[in-house]
Amino acid sequence: MDELMKEPFGLLCRLRSDRNMWLRSFVRELIVPQIAAVYSDGVRDDFEDHDYLSYLVQSLPNLRLVRLMHPLSFNSQYMHSMRLHPNKPELHLLAVQGWEPTPSETLHCVTTIKVTLFRELRHDVPGGVHPYMQAFRDLFFSCPNLKSCSLTMMGPAPPPQQLTRIELTGQEIFPPLQHLALNGHSIHPDEWSNWRTQFPWSSLTSLEIGPQPHYVEDFLGQLSGVTSQLSSLEKFKISVWAGQEEEVAEDRLKRFLLSIDSLQTLEITNYDCTVETVAAHKKLRHLVVRLSENWDSQESYDPLSSSELFHLDRNCPQLETLEIYFERVGDDGNQWNYDALRALAISFQNLRNLTLHVRIGSVRDHGQPLEPKLNYESAREIGAKFFKLRKDASEFRHRQSKEPGAPKDRFEKLTLYTGPGLASSTAFIENKKVEEFNKMTLELTNPHDDIDDLSLVHPERELVEAQYLKDHPDGTAKRVRLAIQVGEDGALHENDVPPVE
Numbered sequence: 000m001d002e003l004m005k006e007p008f009g010l011l012c013r014l015r016s017d018r019n020m021w022l023r024s025f026v027r028e029l030i031v032p033q034i035a036a037v038y039s040d041g042v043r044d045d046f047e048d049h050d051y052l053s054y055l056v057q058s059l060p061n062l063r064l065v066r067l068m069h070p071l072s073f074n075s076q077y078m079h080s081m082r083l084h085p086n087k088p089e090l091h092l093l094a095v096q097g098w099e100p101t102p103s104e105t106l107h108c109v110t111t112i113k114v115t116l117f118r119e120l121r122h123d124v125p126g127g128v129h130p131y132m133q134a135f136r137d138l139f140f141s142c143p144n145l146k147s148c149s150l151t152m153m154g155p156a157p158p159p160q161q162l163t164r165i166e167l168t169g170q171e172i173f174p175p176l177q178h179l180a181l182n183g184h185s186i187h188p189d190e191w192s193n194w195r196t197q198f199p200w201s202s203l204t205s206l207e208i209g210p211q212p213h214y215v216e217d218f219l220g221q222l223s224g225v226t227s228q229l230s231s232l233e234k235f236k237i238s239v240w241a242g243q244e245e246e247v248a249e250d251r252l253k254r255f256l257l258s259i260d261s262l263q264t265l266e267i268t269n270y271d272c273t274v275e276t277v278a279a280h281k282k283l284r285h286l287v288v289r290l291s292e293n294w295d296s297q298e299s300y301d302p303l304s305s306s307e308l309f310h311l312d313r314n315c316p317q318l319e320t321l322e323i324y325f326e327r328v329g330d331d332g333n334q335w336n337y338d339a340l341r342a343l344a345i346s347f348q349n350l351r352n353l354t355l356h357v358r359i360g361s362v363r364d365h366g367q368p369l370e371p372k373l374n375y376e377s378a379r380e381i382g383a384k385f386f387k388l389r390k391d392a393s394e395f396r397h398r399q400s401k402e403p404g405a406p407k408d409r410f411e412k413l414t415l416y417t418g419p420g421l422a423s424s425t426a427f428i429e430n431k432k433v434e435e436f437n438k439m440t441l442e443l444t445n446p447h448d449d450i451d452d453l454s455l456v457h458p459e460r461e462l463v464e465a466q467y468l469k470d471h472p473d474g475t476a477k478r479v480r481l482a483i484q485v486g487e488d489g490a491l492h493e494n495d496v497p498p499v500e
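If you count the sequence shown from 1, position 363 lands on 362 in numbering that gives the first Met the number 0, and the numbers rise without skipping.
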């Protein structure tokens, strides 16, 4: 932080220099990362004490947006500088932690807040409202131009009622939210009537729920009373940690999805949702249906049939990105599902990106990874079949249409990946190494329209190789060799993972 003010080479000194006036005029967006330890109970750090952010804001005449990922008080000098700035830049508060004092003025510049609160069981809560929830309420209603709100609550679950109550009077004016994300929180039952009648549901375009369990079920039940108002909802994302029993939530999810029809983006993680339910959304452009695994199981999912995929294509013809799981088939479950691959290749004419999740199986104890394994060789085999089928289907449609000109397929990339997906923060502690090294993403493209010359990219390998070249602590020679081994051979059992520093 001292580098900001160090003369004559500090960032602020250079920005405020008359010689760099032209440079200042080009800056439109300012990103402040977390640059010091997080402090609680209102204790400020050097960054706030010296008003560095205030100086930065004053130095940039054409500033339009400030993304603040560092926790600061809402009553600091930088807020005053934001209010006085002639350009009226937007402020995104992305590191709110609940200890910040109540705003002394209305925060017109704040359009996005990202709040993470830690539940504490307290018995001295006045009026049954936890101080952190009071702080969230005060901030939320101090931002009349708020467009995006993300609230995550960590700690004991499920919480007592005092940890969800924010004590609404019924006179509050909700900001015009377009995006709402709730993780580990549901609306207090006594306050739902105010949310139902006063929250601007009709302006909401994006809604995210999860992944902490227990709360999703309650919130989905509450949403059933406002589905008629969600006419603008375009994106819905719902998730739960792997291994959770959420049968009631799955039933409520199905009813919720069948009661709205405006979605263009739908992401479902670790919930069982039928193709028929998804296919009811005919405007979909982006679809993710992801089922995680726990790295220690031979259980299988029912593979998506070609008829289900054709049904999805007929009802969702505008799909541009699609992510689903790719199950092995056969009597022993040891064959790639080429029927499903064919259906994916010859359908979905507007598809640009396809992502397939391939399960690993068991890599611990007495289990073994599933066969055939995903590796460089099998990925190229799958990719060659897919791109050949897609090219043939495109040419056939062109001949049938009898239109002049060569057919142009919009498809760009096929991605195959392994990994457990969404797991709780306490999972995989003992076998973190196995999880880390067996995660693999293989990206295939066909830039030259030549099946024999597919381009294959392994991002995890490229990252560790780049770290090795830069002498990064995570980029050791052993890690590079291990990444190459996983790519060439496929998933490794924990007994085959060598010691890595």
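Note that beta-carbon positions come from the ideal geometry of N, C-alpha and C, so glycine has one too.
Item	Value
Rounded distance between the beta-carbons of Leu415 and Leu355, thought under 8 Å	5 Å
CB contact flag (Arg358, Glu292, <8 Å)	yes
First and last residue of the uninterrupted beta strand (DSSP E) at Arg351	Segment: none, Arg351 is in no beta strand (DSSP E) and carries neither H nor E.
According to DSSP, residues forming a beta bridge with Phe235	Leu206, Leu265
Local conformation of Met68 per DSSP, three classes	coil
Cys12 in three-state terms, based on DSSP	helix
Residues near Ser424 by beta carbon distance below 6 Å, same chain, minus five either side	Per-residue confidence for Ser424 stands at a pLDDT of 48, beneath the threshold of 50, marking its modelled position as unreliable; no derived number is given.
Simplified DSSP state of Arg289, which is helix, strand or coil	strand
Pick from Gln317, Ser80, Ile112 that is closest to Ser53, judged by C-alpha positions	Ser80
Coil, strand or helix - Gln334 by DSSP	strand
Beta-ladder partner(s) of Lys412, from DSSP	Asn352
DSSP three-state assignment for Gly360, whether helix, strand or coil	strand
Option nearest Thr264 by Cα separation, candidates Val479, Asp301, Ser231, Ala248	Ser231
Cutoff 8 Å; reference Pro446; Cβ partners in own chain excluding five residues on either side	Ser454
Simplified DSSP assignment, three categories, for Phe218	helix
Inter-stretch contact at 8 Å, needing at least 3 Cβ pairs: the segment 336-350 / the segment 302-320	yes
Met439 vs Glu461 beta-carbon contact at 8 Å	no
Cβ-heavy atom distance, Asp17 to the ligand GTP, below 7 Å	As far as ligands go, the structure on display features none, and thus does not contain the ligand GTP.
Proximal residues to Val225 (C-beta, below 7 Å), its chain only, five neighbours per side dropped	Arg195, Trp200
Residue range of the alpha helix (DSSP H) that includes Val485	476-488
Nearest-angstrom Cα separation, counted from Ile381 out to Pro497	29 Å
C-beta contact flag for Gln96 and Pro130 at 8 Å	no
Contacting residues, own chain, Cβ-Cβ under 8 Å from Lys253 (five flanking each side not counted)	Cys272, Thr273, Thr276
Minimum C-alpha distance to Pro143 - residue among Leu150, Thr105, Ile208	Thr105
Same chain only: Cβ atoms within 7 Å of Phe198, ignoring 5 sequence neighbours per side	Phe173
Alpha-carbon to alpha-carbon, Ser185 and Asp217	7 Å
Burial state of Pro32 (16 or more Cβ within 10 Å)	exposed
Limits of the beta strand (DSSP E) - the one that Asn19 falls within	Segment: none, Asn19 is in no beta strand (DSSP E) and carries neither H nor E.
Integer-rounded CB distance, given that Arg289 should sit under 8 Å from Lys349	Note that residue 349 is Asn in the sequence shown, not Lys. 21 Å between Cβ atoms; not a contact.
Extent of the continuous beta strand (DSSP E) run through Lys113	109-117
Asn86 to Asp137 span [Cα, whole Å]	26 Å
For Glu99, the three-state DSSP class (helix, strand or coil)	coil
8 Å Cβ cutoff, Leu283 in contact with chain C	As a matter of chain content, chain C is missing from the structure shown, which is built from one protein chain.
Three-state secondary structure assigned by DSSP to Pro368	strand
Exposure label - Ser39; buried when at least 16 CB within 10 Å	Because the pLDDT at Ser39 is just 46, under 50, the model does not fix this residue reliably, and the point stays unresolved.
Residue burial classification, Trp21 (beta-carbon count within 10 angstroms, cutoff 16)	exposed
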